[in-house]
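Numbering (my numbering), first residue to last: 75 to 144. Even for Gly, the Cβ is constructed at its ideal location relative to N, Cα and C. Since this is a predicted model, take the numbers as computed values, not measurements.
Okay, here's the thing in structure tokens:
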């Protein structure tokens, strides 16, 4: 359950980064290429920062499952 929550937050962050990138590119078309590169970097950072919490949530779920089986 914790893993699902963390993945949901990563997806939400990716959606927000995509939306803001698209809106910024629409608002300032002269810098569209630079804006898309910055947006791609933000999306990559969102995924990279989510790896640790997903790993910890996976361990916590595993431990909770083990303790419930005993």
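Self-check item: Given 8 Å, three or more beta-carbon pairs between the segment 75-92 and the segment 122-129
Solution: yes
Quiz item: Would you report the Cα separation of residue 116 and residue 135, rounded to the nearest angstrom?
Solution: Taking the straight line from one Cα to the other gives about 28 Å.
Quiz item: Among the residues of its own chain, which have a CB less than 6 Å from the CB of residue 76, if the five just before and after it don't count?
Solution: Its chain contains 131, 134, 135 as the residues whose beta carbon lies nearer than 6 Å to that of residue 76, once the 5 sequence neighbours on both sides are disregarded; these appear in chain order.
Quiz item: In three-state DSSP terms, what is residue 117?
Solution: helix
Quiz item: Rounded C-beta distance between residue 98 and residue 109? I'm assuming under 8 Å.
Solution: 5 Å
Practice problem: Ignoring anything shorter than 4 residues or poking outside the segment 88-134, list the alpha helix (DSSP H) runs there in chain order. | Solution: none
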